[in-house]
Ligand code: GLY
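Numbering (the UniProt record's numbering), first residue to last: 1 to 316.
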């Protein structure tokens, strides 16, 4: 493919206090996801296929809090959420409180493309899984020892869900929501976000991820965003939408991403991260947590990092 706009596939593996022991797996996972999404984009030019390809890699990888490896609610269950958005028609599809499937991001795409609705949850999403013939996976597949230990530690420490994904003193709960933003050579943008939520959440808790403008957003006139971090704050702040609004007023992509994450943290005292692409192929990566794994492929290079200020480059 060729064109004035460089195609970009940028992914994140979740904002949090990621312990040293988890850094290598997260970096390997985000680089693999960026490569897979980019290869699909170059082959097809289809931004939604690229989002799905990248996010499937991370939903299958238990280094991340999405699909296999999702964190547990207070009852020890996995309830997942995902959102996909595209920028031409500002379409979105999302699912919440999803159980026993491998790829919530694909179910979110089915909601967007095969129903007249935007968000499905509860019994309705169960019925939709059956109707669409989506294969089921067992709890044994989805639930990892790490997630079980995280819930046990959460309960031992007194059960404060604000500390489970991103808290500073609670290492076992660290895990990451995953996300991807894509722009193709025509300036068409899309975003996807998939998560198990936060350890120790109430059964039935709905976070920021499935909500357009919070967990993600896409507008071909501006760009696309995917967010990660403490969901209750992200949804109150409408973090994804704020980033695009700042860009629309003329702020460069990286500044808009950074200032919006910092604005949320300063206003609501909770940390978050976001990845952004503009419709011109500019990239934004920022987080107010200790770490956030991210990667993107541009041409034959992979750019990646996990620490604040880190930007490494290697051949794809
Ligand atoms: N940001 C993921 C969640 O809070 O559910």
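Glycine residues also receive a C-beta, built at the ideal position from the N, C-alpha and C atoms. These numbers come from a predicted model, not from an experiment.
Taking 7 Å as the limit between beta carbons, can you name the residues of its chain near residue i, skipping five residues before and five after?
i	result
residue 27	293, 304, 306
residue 233	264, 268, 270, 272
residue 106	52
residue 76	151
residue 244	217, 219, 222, 223, 225
residue 297	9, 34, 35, 38, 316
residue 172	Because residue 172 carries a pLDDT of 42, less than 50, the predicted location of this residue cannot be relied on, and the following value inherits that uncertainty. Excluding positions up to five away in sequence, the list reads 149, 150, 153.
residue 109	48, 52, 84, 93
For the beta strand (DSSP E) that contains residue i, what are its first and last residues?
i	result
residue 84	80–86
residue 292	291–298
residue 190	189–195
Could you spell out where the alpha helix (DSSP H) holding residue i opens and where it closes?
i	result
residue 154	145–156
residue 111	104–114
Excluding the 5 residues preceding and the 5 following residue i in the sequence, name in chain order all residues of the same chain whose CB lies nearer than 8 Å to its CB.
i	result
residue 310	none
residue 29	13, 57, 58, 61, 63, 64, 293
residue 253	223, 247, 276, 277, 278, 282, 283, 284
residue 24	none
Would residue i and residue j be called neighbours here (beta carbons separated by less than 8 Å)?
i	j	result
residue 78	residue 5	no
residue 219	residue 132	no
residue 74	residue 201	yes
residue 280	residue 187	yes
residue 262	residue 228	no
residue 47	residue 147	no
residue 66	residue 178	yes
Short of 6 Å in beta carbon distance, which residues of its chain neighbour residue i, apart from the five on each side in sequence? Order them along the chain.
i	result
residue 53	36, 37, 40
residue 165	Since pLDDT at residue 165 reaches only 44, below the 50 mark, its modelled position is unreliable, and no value is offered.
residue 31	295, 302, 304
residue 208	214, 215, 231, 234, 235
residue 167	Legend: pLDDT at residue 167 = 44, less than 50; position of this residue unreliable, no value from coordinates given.
residue 169	A caution first: residue 169 carries a pLDDT of 48, below 50, which makes its placement in the model unreliable, though a value can still be read off. If we look at residue 169 and ignore the five residues flanking it on each side, it has no Cβ neighbours.
residue 102	67, 137
So with Cβ pairs under 8 Å, would you call residue i a contact of chain D?
i	result
residue 254	Reference to chain D is not applicable here, since this structure consists of a single protein chain.
For the ligand GLY, I want to know if residue i counts as a neighbour, meaning its beta carbon is within less than 7 Å of at least one of the ligand's heavy atoms.
i	result
residue 383	Here the chain comprises residues numbered 1 to 316, so residue 383 is not present and cannot be evaluated.
residue 202	no
residue 228	yes
residue 284	no
residue 234	yes
residue 199	no
Handout entry: alpha helix (DSSP H) runs contained entirely in the region 201–239, provided each spans 4 or more residues
Key = Considered as a whole, the region 201–239 harbours 231–237 as its complete alpha helix (DSSP H) runs of no fewer than 4 residues, in chain order.
Handout entry: Secondary structure, alpha helix (DSSP H): runs of 4+ residues fully inside the region 14–96
Key = Scanning the region 14–96 for uninterrupted alpha helix (DSSP H) segments of 4 residues or longer gives 20–44, 47–59, listed from N- to C-terminal end.
Handout entry: Length at least 3, wholly inside the region 244–313: the beta strand (DSSP E) runs in chain order
Key = Counting whole runs of 3 or more residues, the region 244–313 contains the beta strand (DSSP E) stretches 272–278, 283–287, 291–298, 301–305.
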